[in-house]
Ligand SMILES: C[S@@+](CC[C@H](N)C(=O)[O-])C[C@H]1O[C@@H](n2cnc3c(N)ncnc32)[C@H](O)[C@@H]1O
């Protein structure tokens with residue numbers, strides 16, 4: 085049963101429903117608009133389209149200030165006009181993945197869904213094994229949504245391993261809600277979070293150089309992440325192509341959503357998704 089409006093208020097079904105800030109709705113609109121265009125446009129061009137959600141949570145979220153319940157990433161992706169041929173959902177909290185399973189079984193029976201329970205940075209091999217094998221007669225294209233709450237939740241090796249397959253990525257870079265708050269912790273030699281998030285152990289020297297020129301730590305992280313994506317073959321449009329999401333009340337920057345594809349068409353879909361998502365973000369900070 086498909087809701088006519090994927091952004092409509094949902095009923096409280098009594099299952100686990102994490103609370104999120106109101107800004108999450110901008111992220112949901114961008115994700116849905118991109119996934120919807122991608123799934124329809126690629127339907128005839130590829131034999132199988134796979135949606136992968138590395139941080140899928142429970143499928144529904146409760147907006148903190150208003151108490152509204154809305155569909156979150158995994159269930160939004162199931163509600164696109166031309167559903168993907170396969171879905172892979174990863175989540176480390178058992179109560180969230182259990183709630184997601186119940187919701188999927190209830191409203192999307194018959195859809196091919198695989199669940200990976202645990203730390204995605206350890207379980208990425210399971211995701212790759214679950215992807216249908218690519219061949220000349222079975223061309224498989226993935227779209228991977230990556231929504232970590234903090235830099236320490238994601239290791240660059242995870243993205244790098246997945247990128248061995250044909251795959252577009254929409255990645256939340258937790259710049260200001262994480263990086264800007266903790267630069268001093270991250271600068272300590274014993275802290276490995278940034279090295280693992282960027283996949284680069286020698287990040288401190290360039291950071292100290294940029295810091296002296298007045299660059300913020302969050303911009304340094306966003307730029308460095310893009311540079312590393314370029315090094316594994318993705319188009320590099322610079323951070324001006326990301327969407328900077330801000331808090332509704334204080335208008336403070338929170339995070340950036342960056343899109344990464346090896347194909348020009350992916351970038352065109354991303355521009356459309358940004359255009360059609362009603363967002364109150366500053367794209368050109
Ligand atoms: C920011 S929330 C993302 C929520 C979801 N994508 C949405 O649309 O609201 C991050 C989720 O990832 C889970 N998580 C955090 N670190 C993880 C990891 N290393 N592996 C798998 N799941 C993780 C958390 O339990 C949480 O549910």
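Residue numbers (this note's numbering): 85 to 369. Backbone N, C-alpha and C define an ideal beta-carbon position, used for all residues, glycine too.
Classification of residue i by the beta-carbon crowding that lies within 10 angstroms, buried from 16 upward
i: residue 194; result: exposed
i: residue 261; result: buried
i: residue 352; result: exposed
i: residue 268; result: exposed
i: residue 247; result: buried
i: residue 292; result: exposed
i: residue 369; result: The pLDDT assigned to residue 369 is 35, lower than 50, so where the model puts this residue is not dependable; a value taken from the coordinates is nonetheless given after this. Counting Cβ neighbours within 10 Å, residue 369 comes out exposed, since fewer than 16 surround it.
i: residue 215; result: buried
i: residue 361; result: buried
i: residue 333; result: exposed
i: residue 297; result: exposed
i: residue 299; result: exposed
i: residue 330; result: buried
i: residue 189; result: exposed
Rounded separation between residue i and residue j - CA only
i: residue 238; j: residue 294; result: 24 angstroms
i: residue 245; j: residue 153; result: 34 angstroms
i: residue 107; j: residue 339; result: 10 angstroms
i: residue 226; j: residue 272; result: 37 angstroms
i: residue 141; j: residue 197; result: 15 angstroms
i: residue 306; j: residue 319; result: 15 angstroms
i: residue 418; j: residue 109; result: The structure shown does not extend to residue 418, since the chain spans only 85 to 369, so no value can be given for it.
i: residue 251; j: residue 122; result: 12 angstroms
i: residue 355; j: residue 93; result: 27 angstroms
i: residue 157; j: residue 275; result: 31 angstroms
i: residue 179; j: residue 164; result: 25 angstroms
i: residue 287; j: residue 111; result: 28 angstroms
i: residue 280; j: residue 266; result: 16 angstroms
i: residue 240; j: residue 344; result: 14 angstroms
i: residue 350; j: residue 289; result: 34 angstroms
i: residue 323; j: residue 210; result: 31 angstroms
i: residue 181; j: residue 202; result: 10 angstroms
i: residue 253; j: residue 96; result: 31 angstroms
i: residue 221; j: residue 126; result: 16 angstroms
i: residue 206; j: residue 325; result: 30 angstroms
i: residue 315; j: residue 328; result: 23 angstroms
Pair within 8 angstroms by beta-carbon distance, residue i and residue j
i: residue 342; j: residue 255; result: yes
i: residue 90; j: residue 184; result: no
i: residue 302; j: residue 259; result: yes
i: residue 204; j: residue 242; result: yes
i: residue 146; j: residue 168; result: no
i: residue 103; j: residue 139; result: no
i: residue 135; j: residue 171; result: yes
i: residue 128; j: residue 101; result: no
i: residue 199; j: residue 229; result: no
i: residue 313; j: residue 277; result: no
i: residue 124; j: residue 191; result: no
i: residue 218; j: residue 187; result: no
i: residue 98; j: residue 148; result: no
Residue span of the alpha helix (DSSP H) that contains residue i, given as start and end
i: residue 353; result: 348-360
i: residue 190; result: 178-191
i: residue 224; result: No alpha helix (DSSP H) holds residue 224; the beta strand (DSSP E) holding it covers 224-230.
i: residue 118; result: 108-125
Extent of the continuous beta strand (DSSP E) run through residue i
i: residue 315; result: Segment 301-315 is the alpha helix (DSSP H) holding residue 315; no beta strand (DSSP E) there.
i: residue 201; result: 197-201
i: residue 341; result: 337-344
i: residue 239; result: Here residue 239 belongs to no beta strand (DSSP E), and DSSP marks it neither H nor E.
i: residue 251; result: 251-257
i: residue 134; result: 132-137
Inter-residue CB distance, residue i and residue j (contact presumed, cutoff 8 angstroms)
i: residue 358; j: residue 160; result: That belief does not hold up - the Cβ atoms of residue 358 and residue 160 are roughly 17 angstroms apart, past 8 angstroms.
i: residue 131; j: residue 224; result: 7 angstroms
i: residue 346; j: residue 321; result: Rounded, the Cβ-Cβ distance is 13 angstroms, inconsistent with contact.
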